């Protein structure tokens, strides 16, 4: 079981990164003080607490994403806050249960796999290379220390090993494949007659009484959304990064302070064999140490390192490559691993090295010496970096000043604008769906319509658009949601009533024609009477784009006709058009008609479907058996 899980875990790295960017995690063994004190919690899952800070951060991201995805279609009344909060919390509880189950199975993510995963995330790279500063910046944006960030990515990857294995470990029988092919690839031969609702429109057929009644009954459709005009101050790093005074001595001093940035560090290519500590306590550690010594003896007796790594290494991420970890710079691995690696000569093998993951036997397979460039060689780059760092210092100083001034003067942006030389910008009217029309997008809209800013009349907190772009806003003007006057929407009301009436007339005629067809009249005769073309698309598949979706859905829900029999059905399109459908013949799909690739695709599709059902069943069982306590504040 565990082996199949580890094997299936090899394919998850690419897609799981997308998820990880939106949840906190960290890397590279950076040690930080995490703060002391008991955090408020919203729930506990088998004793593991979910912090209120963690929950609120997840909830706000989910709500912002929902707004962005739905745009104009987002209506707060359709998404009550209490329901959304409960859904997000339940999702976090289930995620925690999956993580706990994965840990009980002994699943883990080694340093090498973790390092390679993070190094491959484009958000953490500069010019295609991992950049610790970009990584740390992402951690800060999520509100986490880098150490906390590290543990969260490790947790997510451990959970995903179990998720991926369970959704890809089912078996599919030939009978199931045959039935799936029969239904999926089934084709149906049809003809249909379409009665457009527009043909039944009666000009002047809508009375004033009808208009008044429809308007009164559907006022929710004619609402002008709540909207605001905003004032904001925006501070950008690039506003501060122009030419600045400097002396040659300052540049040289800057170069000396940052020599490492103009040095290509030594890189060492390493391979390793990991012997994990299976279990707890001194006996488990001693057993792993002894096993590592046995492996080292085999190496000294002449066995090939790569072959032995494939045989015994318990790092699933590198064992298949003969233990190869690629080129490593100092500080990228744990201190003990680093110390051993950088003490080796090329081709040498270390003694067993103890880390949190077990015992490593390390081999140095290649070495690229570091290089250093002189001040004269990199003077232009030094000047650029000097100005950039100076601008960064000003940016953070001004950002702090912006926070102070807008907090000290909560009812105006002018004092901050005057002190910092910024211009107050006033927006046009914005609704909750207008995130694209203001810097900061969903963050700014959420702040603008938040209680403190909208109801309290205060300046917002500092909104971070990016690490180099921030703003503070306040409400300049506000209009509540209101019902649009009838005269403003009269044309819309009339059009809606005409559409209703014409659709009703089309349906009445269609039903009458359908009755005649079922009594034996021919489709051609009926089509001729109503002067509409009989459409004959022939044989179509379930997802054929040549058919309007409602017609296809009706067609494939109709029973199979007998030999030389035609069955009739009906469908109403979204615009009110009425379709009369004649089903002539059904031809089932067959496995025999599938080539190897199509057969494999069908099998994968079925496996995913079965796997998802299996996974959902497991999660529900975990949930039913779990000791979950939710705080009263979340239950209200």
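In our numbering, the protein residues as written are 45 to 680. Even glycine gets a Cβ: it sits at the ideal position worked out from N, Cα and C. Model, not experiment: these values are computed from the prediction.
Can you list, in chain order, the residues of its chain with a C-beta nearer than 6 Å to that of residue i? Leave out the 5 residues immediately preceding and following it.
{"i": "residue 623", "result": "236, 238, 595, 615"}
{"i": "residue 327", "result": "none"}
{"i": "residue 157", "result": "361"}
{"i": "residue 299", "result": "419, 426"}
{"i": "residue 551", "result": "622"}
{"i": "residue 566", "result": "none"}
{"i": "residue 371", "result": "311, 313"}
{"i": "residue 163", "result": "174"}
Roughly how many angstroms lie between the CA atoms of residue i and residue j, to the nearest whole one?
{"i": "residue 74", "j": "residue 191", "result": "At residue 74 the pLDDT is 25, less than 50, meaning the model places this residue with poor confidence; the figure from the coordinates comes in the next sentence. Residue 74 and residue 191: Cα-Cα distance of roughly 6 Å."}
{"i": "residue 207", "j": "residue 659", "result": "7 Å"}
{"i": "residue 561", "j": "residue 245", "result": "25 Å"}
{"i": "residue 556", "j": "residue 536", "result": "30 Å"}
{"i": "residue 70", "j": "residue 625", "result": "Low local confidence applies: a pLDDT of 27 at residue 70 is under 50, so the model's placement there is unreliable, with the coordinate-based value given in what follows. Distance between the alpha carbons of residue 70 and residue 625: 59 Å."}
{"i": "residue 124", "j": "residue 88", "result": "24 Å"}
{"i": "residue 72", "j": "residue 472", "result": "Residue confidence for residue 72 is low, a pLDDT of 30 falling below 50, so the modelled location carries little weight; the figure read from the coordinates is stated next. Residue 72 and residue 472: Cα-Cα distance of roughly 46 Å."}
{"i": "residue 384", "j": "residue 409", "result": "14 Å"}
{"i": "residue 669", "j": "residue 652", "result": "26 Å"}
{"i": "residue 168", "j": "residue 316", "result": "25 Å"}
{"i": "residue 184", "j": "residue 430", "result": "24 Å"}
{"i": "residue 644", "j": "residue 662", "result": "26 Å"}
{"i": "residue 77", "j": "residue 641", "result": "Unreliable placement is indicated for residue 77, whose pLDDT of 26 sits below 50; the coordinate value is still reported in the next sentence. Distance between the alpha carbons of residue 77 and residue 641: 53 Å."}
{"i": "residue 67", "j": "residue 196", "result": "Only weak support is given to the placement of residue 67: the predicted model assigns it a pLDDT of 34, under 50, and the value that follows is read from those uncertain coordinates. For residue 67 and residue 196, the distance between alpha carbons rounds to 8 Å."}
{"i": "residue 310", "j": "residue 159", "result": "18 Å"}
{"i": "residue 467", "j": "residue 452", "result": "19 Å"}
{"i": "residue 500", "j": "residue 264", "result": "28 Å"}
{"i": "residue 359", "j": "residue 322", "result": "13 Å"}
{"i": "residue 248", "j": "residue 558", "result": "29 Å"}
{"i": "residue 225", "j": "residue 527", "result": "53 Å"}
Can you tell me which of the three DSSP states residue i falls into?
{"i": "residue 485", "result": "helix"}
{"i": "residue 579", "result": "strand"}
{"i": "residue 567", "result": "helix"}
{"i": "residue 235", "result": "strand"}
{"i": "residue 666", "result": "helix"}
{"i": "residue 290", "result": "coil"}
{"i": "residue 312", "result": "strand"}
{"i": "residue 393", "result": "strand"}
{"i": "residue 661", "result": "helix"}
{"i": "residue 622", "result": "strand"}
{"i": "residue 371", "result": "strand"}
{"i": "residue 674", "result": "strand"}
{"i": "residue 173", "result": "strand"}
{"i": "residue 526", "result": "strand"}
{"i": "residue 148", "result": "helix"}
{"i": "residue 478", "result": "coil"}
{"i": "residue 633", "result": "coil"}
For residue i, list the residues DSSP reports as bridge partners.
{"i": "residue 434", "result": "DSSP, once it has assigned bridges, lists no residue as partnering residue 434."}
{"i": "residue 277", "result": "516"}
{"i": "residue 416", "result": "307"}
{"i": "residue 628", "result": "Beta-bridge pairing links residue 628 to no other residue."}
{"i": "residue 85", "result": "95"}
{"i": "residue 317", "result": "405"}
{"i": "residue 612", "result": "626"}
{"i": "residue 510", "result": "513"}
{"i": "residue 398", "result": "403"}
Out of the options, state which residue places its alpha-carbon closest to the alpha-carbon of residue i.
{"i": "residue 252", "options": "440, 417, 541", "result": "541"}
{"i": "residue 133", "options": "86, 454, 386, 194", "result": "86"}
{"i": "residue 414", "options": "510, 449, 373, 392", "result": "373"}
{"i": "residue 588", "options": "231, 194, 111", "result": "231"}
{"i": "residue 548", "options": "241, 135, 200", "result": "241"}
{"i": "residue 515", "options": "431, 321, 274", "result": "274"}
{"i": "residue 113", "options": "485, 403, 163, 355", "result": "485"}
{"i": "residue 428", "options": "305, 343, 474", "result": "305"}
{"i": "residue 343", "options": "406, 371, 378", "result": "406"}
{"i": "residue 511", "options": "128, 440, 599", "result": "440"}
{"i": "residue 627", "options": "605, 618, 569", "result": "605"}
{"i": "residue 339", "options": "319, 330, 329, 324", "result": "319"}
{"i": "residue 221", "options": "666, 100, 635, 297", "result": "635"}
Using a C-beta cutoff of 7 Å, does residue i count as contacting chain B?
{"i": "residue 492", "result": "Judged by its chain identifiers, the structure shown contains no chain B, having just a single protein chain."}
Can you find the residues in the same chain that come closer than 8 Å, C-beta to C-beta, to residue i, ignoring five residues on each side of it along the sequence?
{"i": "residue 464", "result": "277, 279, 442, 445, 446, 449"}
{"i": "residue 139", "result": "203"}
{"i": "residue 106", "result": "128, 132"}
{"i": "residue 228", "result": "586, 633, 646"}
{"i": "residue 392", "result": "407, 408"}
{"i": "residue 108", "result": "486, 487, 490"}
Looking only at its own chain, which residues have a Cβ that is under 7 Å from the Cβ of residue i, when we skip the five neighbours before and after it?
{"i": "residue 503", "result": "450, 454, 457, 516, 518"}
{"i": "residue 146", "result": "202, 203, 205, 206"}
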